[in-house]
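In what follows, a single structure is set out as structure tokens and then discussed.
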Amino acid sequence: MFNSKNSMPTAKSSGRKSRNDIILLGVLIFAISIIALLLYLFSETSNSVTVTIDGKLYGTYPLNENITFDINTGTDNKEINRLVIVDGKAYISFATCPDGICAKHRPISRTGESIICLPHKVVVKTNSNTESIIPDIVA
Numbered sequence: 029m030f031n032s033k034n035s036m037p038t039a040k041s042s043g044r045k046s047r048n049d050i051i052l053l054g055v056l057i058f059a060i061s062i063i064a065l066l067l068y069l070f071s072e073t074s075n076s077v078t079v080t081i082d083g084k085l086y087g088t089y090p091l092n093e094n095i096t097f098d099i100n101t102g103t104d105n106k107e108i109n110r111l112v113i114v115d116g117k118a119y120i121s122f123a124t125c126p127d128g129i130c131a132k133h134r135p136i137s138r139t140g141e142s143i144i145c146l147p148h149k150v151v152v153k154t155n156s157n158t159e160s161i162i163p164d165i166v167a
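As numbered in my numbering, residues 29 to 167 make up the sequence shown, in order.
Right, dumping it as structure tokens:
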């Protein structure tokens with residue numbers, strides 16, 4: 029009454045399955061790594077950064093000039109984010125926010141990268157080198 033075809037998988041068949049799973053996982057990791065590398069290598073560097081506070085434009089600054097300035101926000105402008113632009117990269121060197129994640133962020137220079145300080149509602153974002161040819165709104 030015992031049918032060997034419907035029995036539990038043996039150690040031999042389960043070992044083959046996990047070996048195939050490991051090979052598949054390795055191939056996927058390799059493919060994702062190649063795609064990420066290609067995206068990084070072919071992304072363009074930006075020429076300026078835009079700073080917004082609570083969605084309102086604070087200023088646009090070129091990345092080809094070395095600049096350091098404070099972005100003051102909050103009540104009586106007591107909250108500070110110090111933006112440093114040097115060697116074509118922008119980063120926050122100092123922030124009075126409680127978590128300080130924005131100050132730990134790596135420098136940005138490629139189009140579409142951003143540094144965000146949620147407590148102070150500050151966004152520093154790199155801009156595209158070229159203006160859009162397609163209009164945003166068609167009348």
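C-beta: ideal position from N, C-alpha, C; glycine also. Just so you know, these numbers come straight off a predicted model, no measurement behind them.
Let me make sure I understand the geometry here. Which of G128, N48, L65, A64 has the alpha-carbon closest to that of K149? The option with the nearest alpha carbon to K149 is G128.
Cutting at 6 angstroms between CB atoms, please list the residues of its own chain near R153, excluding the five before and the five after it. The sequence given here has Lys at residue 153, not Arg. Excluding residues within five positions, the ones whose Cβ falls inside 6 angstroms are T78, S142.
Using DSSP's beta-bridge definition, name the partner residues of K84. Partner(s): I81.
Nearest residue (CA-CA) to L111, options L65, T103, L69, H133: The candidate whose alpha carbon is nearest that of L111 is H133.
Is it right to say L56 is buried, meaning 16 or more other beta carbons lie within 10 angstroms of its own, or is it exposed? For L56, the number of other beta carbons within 10 angstroms of its own is below 16, and it is reported as exposed.
Relative to the C-alpha of T96, which candidate in Y119, G83, S74, I81 has its C-alpha closest? Closest option to T96, Cα to Cα, is Y119.
Using the DSSP secondary-structure output, state which residues sit across from Y119 in a beta bridge. DSSP links Y119 through a beta bridge to V112.
Taking the beta carbon of E107 as the centre, do at least 16 other beta carbons fall within 10 Å, making it buried, or is it exposed? Its Cβ being crowded by 16 or more others within 10 Å, E107 is buried.
Along the alpha helix (DSSP H) that carries I129, what are the first and last residues, could you check? In the DSSP assignment, I129 falls within the unbroken alpha helix (DSSP H) covering 129-132.
Rounded to the nearest angstrom, what separates S156 and S76 at their Cα positions? So the alpha carbons of these two residues sit roughly 8 angstroms apart.
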